[in-house]
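J.: Per our numbering, the sequence shown starts with residue 1, numbered consecutively.
Backbone N, C-alpha and C fix where the C-beta goes; we use that ideal spot for every residue, glycine too.
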Amino acid sequence: MSKYVEVRGVKIGEGVPKICVPIVGKTKEEILAAARSFEDVALDVVEWRVDWFEGVFDFAQVEDVLKDLRPALGETPILFTFRTSKEGGEKAIEADAYAELNKKAAATGLVDLVDVEAFTGDEVVKDIIEGAHAHGVKVVASNHDFDKTPDKDDIVGRLVKMQELGADIPKIAVMPQCKKDVLTLLEATREMAEEHADRPIITMSMAGTGLISRLCGEVFGSALTFGAVGKASAPGQMNASDLREILTLIDKSI
Ligand SMILES: O=C1C[C@@](O)(C(=O)O)C[C@@H](O)[C@@H]1O
């Protein structure tokens with residue numbers, strides 16, 4: 001299996017870590033205004049955090065936004081993410097509705113990747129992955145711990161499980177309670193990338209203490225990093241243009 005995943009010409013897992021910018025608008029107008037504000041920003045992927053959207057439980061409204069969002073972003077790949085309140089998102093959702101939303105979004109042909117929370121239940125996760133793949137949509141499996149950093153073996157185990165479930169890109173975000181926790185996340189990243197993964201992975205340690213983990217993916221093996229334009233979607237995301245500058249400087253000097 002290839003070590004990178006290609007969406008609309010963007011090779012996630014090759015070279016400099018890719019920059020993903022989230023959209024966290026509540027209304028269609030806010031969402032499209034955010035997309036327009038990205039015009040002069042050098043980003044690689046846009047994440048639509050659909051859990052912020054007030055019309056998310058009516059799929060006709062979701063599709064209506066996607067129909068305008070797709071052309072507004074030109075060729076930039078779209079990652080479709082409903083982040084549940086259990087994992088730090090804005091809204092709760094039943095597993096069935098979650099599966100249906102993600103599969104329907106993939107079937108529109110208007111998104112390139114969907115985010116599936118890996119601990120939603122194996123059958124649900126496999127069902128979404130199958131549904132997404134049937135439409136050529138890639139799957140980022142995710143897990144978030146907004147309170148703490150699990151130990152290294154636990155982090156690696158979760159990422160391995162995502163790979164075994166068939167996700168194209170396993171991803172984990174954890175909260176450090178001390179500086180050592182950041183090192184734990186980085187060591188888990190290195191081990192997963194060098195010893196277990198046959199595909200790209202994404203990891204981050206959140207908040208200011210974890211910021212360094214969002215910058216050093218090229219060294220430790222994280223393929224993508226989240227940066228903000230306007231409102232951030234998680235603690236510790238820095239401005240996307242500053243992030244690009246730092247990633248470029250690191251790449252040049254390695
Ligand atoms: O999973 C992630 C990572 C993230 O939580 C972060 O810490 O940058 C931001 C979320 O929008 C995204 O879905």
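Roughly how many angstroms separate the alpha carbons of I155 and S205, rounded to a whole number?
T.: The residue given as residue 155 occupies position 155 in the sequence shown. The residue given as residue 205 occupies position 205 in the sequence shown. In a straight line, the C-alpha of I155 is about 12 Å away from that of S205.
J.: Within the structure, which residues are defined as neighbours of ligand 1 by a Cβ-heavy atom distance below 7 Å, reported in chain order?
T.: Cβ-based neighbours of ligand 1 within the cut-off: P22, E47, R49, T81, R83, G88, D115, S142, H144, K171, A173, M204, M206, F226, S233, A234, G236 and Q237.
J.: Can you grab the Cα-Cα spacing for the pair S233 / I23, in whole Å?
T.: Walking along the sequence shown from the start, residue 233 turns up at place 233. Walking along the sequence shown from the start, residue 23 turns up at place 23. Computed Cα separation, rounded: 8 Å.
J.: Could you pull out every residue in the same chain whose Cβ sits closer than 7 Å to the Cβ of A240, ignoring the five residues on either side in sequence?
T.: Here residue 240 refers to the residue found at position 240 of the sequence shown. Cβ within range, chain order: I19, V21, V41, L43, G227, A228 and V229.
J.: Return the chain-ordered list of same chain residues with a C-beta closer than 6 Å to the C-beta of G25, the five sequence neighbours on each side being excluded.
T.: For the purposes of this step, residue 25 is taken as residue 25 along the sequence shown, with counting starting at 1. Only I31 and A34 meet the Cβ criterion.
J.: With distances taken from CA atoms, which of D127, K67, L224 and G210 is nearest Y4?
T.: If you number the sequence shown from 1, residue 4 lands on position 4. Here the closest residue by C-alpha is L224.
J.: Alpha carbon to alpha carbon, how far is A107 from K126?
T.: Working through the sequence shown from its first residue, we reach residue 107 at position 107. Working through the sequence shown from its first residue, we reach residue 126 at position 126. C-alpha separation (whole angstroms): 16 Å.
J.: Below 8 Å, how does it come out for the segment 96-105 and the segment 115-134: are there three or more Cβ pairs, yes or no?
T.: Cβ pair count under 8 Å is three or more, so yes.
J.: Going residue by residue through the segment 190-251, where are the continuous alpha helix (DSSP H) segments of at least 4 residues, counting only ones entirely within it?
T.: If we require 4 residues or more, the alpha helix (DSSP H) runs fully inside the segment 190-251 come out as 207-210 and 217-220.
J.: On the DSSP bridge assignment, give the partners of R49 in chain order.
T.: Reading the sequence shown from its first residue, position 49 is the one you call residue 49. BP columns for R49 point to T81.
J.: Once the 5 residues before and after T81 are set aside, which same chain residues still bring their CB inside 6 Å of it?
T.: Indexing the sequence shown from 1 puts residue 81 at position 81. For T81, where only same-chain residues beyond five positions count, the Cβ hits under 6 Å are E47, R49 and D115.
J.: By DSSP, does I31 sit in helix, in strand, or in coil?
T.: As a working mapping, residue 31 is identified with position 31 in the sequence shown. In this structure, I31 counts as helix in the three-state DSSP scheme.
J.: Can you tell me where the beta strand (DSSP E) holding P22 begins and where it ends?
T.: By one-based count along the sequence shown, residue 22 stands at place 22. K18 to I23 is the span of the beta strand (DSSP E), which, as asked, contains P22.
J.: Please determine, among P77, K28, D64 and R70, the residue with the shortest C-alpha to C-alpha distance to F53.
T.: Here residue 53 refers to the residue found at position 53 when the sequence shown is read from its first residue. Selected option, being the one with the closest Cα: K28.
J.: Roughly how many angstroms lie between the CA atoms of H196 and T189, to the nearest whole one?
T.: To locate residue 196, count along the sequence shown from 1; it is residue 196. To locate residue 189, count along the sequence shown from 1; it is residue 189. Cα to Cα, the separation comes out at about 10 Å.
J.: Check whether the Cβ of D154 lies closer than 8 Å to any Cβ atom in chain B.
T.: Protein chains in the displayed structure number just one, and chain B is not present.
J.: Is the CB-CB distance between A141 and A118 below 8 Å?
T.: Counting from 1 along the sequence shown, the entry for residue 141 is found at position 141. Counting from 1 along the sequence shown, the entry for residue 118 is found at position 118. In this structure, A118 lies closer than 8 Å to A141 by Cβ.
J.: Using beta-carbon positions only, say whether F220 and L243 come within less than 8 Å of one another.
T.: Position 220 of the sequence shown, counting from 1, holds the residue named residue 220. Position 243 of the sequence shown, counting from 1, holds the residue named residue 243. Taking 8 Å as the Cβ cut-off, F220 and L243 do not qualify as a contacting pair.
J.: Are K91 and D51 close, meaning C-beta to C-beta below 8 Å?
T.: Here the question's residue 91 lines up with position 91 in the sequence shown. Here the question's residue 51 lines up with position 51 in the sequence shown. Yes; because the gap between Cβ atoms is below 8 Å, this pair is in contact.
J.: Should R158 and I172 be called a contact, given that it needs their Cβ atoms to be closer than 8 Å?
T.: One-based indexing of the sequence shown puts residue 158 at position 158. One-based indexing of the sequence shown puts residue 172 at position 172. Going by C-beta atoms, R158 is nearer than 8 Å to I172.
J.: Within the segment 121-158, note down every full alpha helix (DSSP H) run reaching 4 residues or more, in order along the chain.
T.: Entirely contained in the segment 121-158, the alpha helix (DSSP H) runs reaching 4 residues are, in chain order, 122-134.
J.: Report back the beta-carbon spacing between G166 and I129 to the nearest angstrom; my notes put them in contact at under 8 Å.
T.: Position 166 of the sequence shown, counting from 1, holds the residue named residue 166. Position 129 of the sequence shown, counting from 1, holds the residue named residue 129. Between I129 and G166 the Cβ distance is about 5 Å, and since that is below 8 Å, they are a contact.
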